[in-house]
Each structure stands twice: as C-alpha cells, then as structure tokens.
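Input: a single structure, listed below in structure tokens.
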Amino acid sequence: MLTTNGERVFKLSPGQIIKVNEILQRVYKDYLEVEKLRTTEGLGGLNHIVTIVEPFTEAEIAELEEKLWSQLDNVIDVEQQKIMRLNLGVHVGEGMLGLSDNKWKPGILGWGRHGCQIELWKVGTWYHWKTRIKTKHSSMTTAEDSAPELPAAFKRFWREGAETETEFSK
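End of the sequence shown sits at 354 in our numbering; the numbers just go up one at a time, nothing left out.
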C-alpha cells in the first residue's frame, strides 16, 4: 500500500490512490502464491526458524512485472508512470524504497528476484531477525534487528512454539 509520502511523490489523485493500492494488493497476492512454491522452512542452530525463499525464475518475475505495470499503466498518466518506475521499489534494493536503512524489507514483488534467507527467533518477549539478501547492487546484504513485534513482512514465517520443536515443515 502506498503511504502518504508515496501518494505525494507519485502525484496521485484520491481515485488513483485507491486503484493503485488495489493493484498493489492483487499483484502482491499473486507474488505470495509463487513464493509458497519457492519457500522452504526448518530449524537452524539454537532452534531459530530459518526460511529460505529461492529466487524466482525469469518467467515468473516477468509475469508478475507485466501484471503490475500493465495494470498500473491503465490508471496513471505517462509522467506518473515514469516517476513510479524510478521510485516504486519493485524488487528489494531498488527504487526509493531501496534507500531505507531497513535493507531486509522486500520490494513490491517481495524477495522473488534474488531470494532471501530469513532467520527468526524470540528472546523473552522480543523478536529477533536476521536476513541474508542477494541484491542487484551487492553480492550479499545481511541485516539484523529486533523489536517487541515482528515486522509485517516476517509474520507469515513465524511459527509460535516452533523454537521448542525438534523439526517442522510447512
């Protein structure tokens, strides 16, 4: 979903904002379907939950990108298309979103282009995470952080009680 900042950067009308957010949600849902096929989970050292999202095939990436841009191009003008293509952050590490300190954050099409390894664990009431992401601009980016709540991008990978199991699978 576009934030207020995103709405301002892309110069969208209120009607366009609604349509763009609907498109982003639909394409992200399609991304999640492919991600399920490319994801393996298990327990790593210290019973940390380890999820690996393998890179998508070029055909899978091309299909998702085509869905995204063909739908967006129907609701925004050429100038907005240009700005959006430069700043949207379709893949991790690209666009305006790539400038964030949160290098673990997925793009609109998640981690599909390069894949990702996500390690999750809990100490007390705090969640911890470590990601290893291969991006276009670096061979490997590792980011680690913690908070009292898991970021939305990781919640689907958390399995309550999994850290006490000996093994599990999706």
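Glycine included, each C-beta is placed from N, C-alpha and C at the ideal position.
- Unbroken alpha helix (DSSP H) runs of no fewer than 4 residues, entirely contained in the region 230 to 290, are found at 242 to 257 and 262 to 271, following chain order.
- Counting the other Cβ atoms within 10 Å of the Cβ of E217 gives fewer than 16, which makes it exposed.
- V193 is positioned such that its CB atom lies closer than 8 Å to that of I267.
- The three-state secondary structure of K195, taken from DSSP, is coil.
- When C-alpha distances from E219 are compared across P290, D257 and K306, the shortest belongs to P290.
- Per DSSP, the continuous beta strand (DSSP E) segment holding I302 begins and ends at C300 to V307.
- Judged by DSSP secondary structure, T223 falls within the beta strand (DSSP E) whose first and last residues are T223 to L227.
- A contact between stretches requires three or more CB pairs, one per stretch, nearer than 8 Å, and the region 219 to 235 meets this requirement with the region 301 to 310.
- Put simply, the backbone Cα of L230 is about 11 Å away from that of K306.
- Of V276, G226, R222 and I317, the smallest CA-CA separation from R343 is found for G226.
- Between G296 and F341, the C-beta spacing is not below 8 Å.
- C-alpha of G345 to C-alpha of A337: approximately 19 Å in a straight line.
- For F341, no alpha helix (DSSP H) run applies, since DSSP gives it neither H nor E.
- Around the CB of V262, fewer than 16 other CB atoms lie within 10 Å, so the residue is classed as exposed.
- Cα atoms of E191 and Q209: separation of roughly 16 Å, rounded to the nearest angstrom.
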